[in-house]
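The sequence shown runs 1022 to 1219 under my numbering. Accompanying notes for the structure given below.
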Amino acid sequence: YWVLDLAGWTLKKLGGNGPASTLMFAKFSPDGGRVGWVRYGEYNVYVEDFASGKLTQLTHDGSRTTINGTFDWVYEEELGLQDGWRWNPDGQSIAYWQLDATGVRDFLLYDVTDSLYAFTIPVQYPKAGQTNSAGRVGVVSAGGGETRWLNIPGDPRNNYIARMEWVPAKGGSKELVIQHMNRLQDTLHVMLADAQTG
């Protein structure tokens, strides 16, 4: 991603010295002074300040099996989710999904288009009755710090957090609305969560 400063007509590349084409789901803060994004491959959430260029890594545990701010196959394909994080309306904090994909088996896809020789690409894909990713939602200061995890009832491997948004409030929100669905997808609970206490 690049940002054009209209005052000076200068282009600025986001992401510091990170590898090219690894930023996903970039979004401006509500005041327009910062941008947040997820780095592909390491699955961590970042915030970058436009004025200073300061880059703050908000999550540090991202990996192929710990997915922050984006989703696995089930959440993308079955629930239509890709962008797994939200700015608080006051811009002071970010809520994000984290998926624990430990134990989810790989399905091998064959790529016959990107090279002279075919190769396999492992994609974590839980078949019916097999281990699912465990999802949870955390809230972290946009300046960095500890994540506060929301207390969402039920077995996280047999329930989905189908939607999550900040409740609109003047001066910033302290609450999130959560849609929580069982794995059979025949029961949906709508919950209100306190972002400060979990």
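Heads up, the beta-carbon is just placed ideally off N, CA and C, and yes, glycines get one too.
Between residue i and residue j, which are expected to be in contact by the criterion C-beta below 8 Å, what is the C-beta distance as a whole number of angstroms?
i	j	result
A1047	W1058	4 Å
N1089	Y1117	6 Å
P1143	D1127	4 Å
G1037	E1063	Wrong, their Cβ atoms sit about 13 Å apart, outside the cutoff.
I1115	V1161	6 Å
Run the CB neighbour count on residue i, radius 10 Å, all protein chains shown included, and call it buried at 16 or more, exposed below.
i	result
F1092	buried
A1163	buried
V1158	buried
Q1145	buried
Can you tell me which residues form a DSSP beta bridge with residue i?
i	result
P1143	L1129
F1046	Note: F1046 sits in no beta bridge, so no partner.
T1031	D1026
D1052	Answer is none; D1052 lacks a bridge partner.
G1057	K1048 and V1068
What residue range is occupied by the uninterrupted beta strand (DSSP E) comprising residue i?
i	result
N1203	E1196 to N1203
A1214	L1209 to D1215
D1082	No beta strand (DSSP E) holds D1082; DSSP gives it neither H nor E.
V1188	V1188 -> no beta strand (DSSP E), and no H or E assigned at all.
Got a sec: is the Cβ-Cβ distance from residue i to anything in chain B below 8 Å?
i	result
Y1022	In the structure shown, chain B cannot be found, because there is only a single protein chain.
To test your reading of the DSSP string, which unbroken beta strand (DSSP E) runs of 3 or more residues are found completely within the segment 1094 to 1120? 1106 to 1108
Whole beta strand (DSSP E) elements within the segment 1144 to 1184, 3-residue minimum: 1155 to 1162
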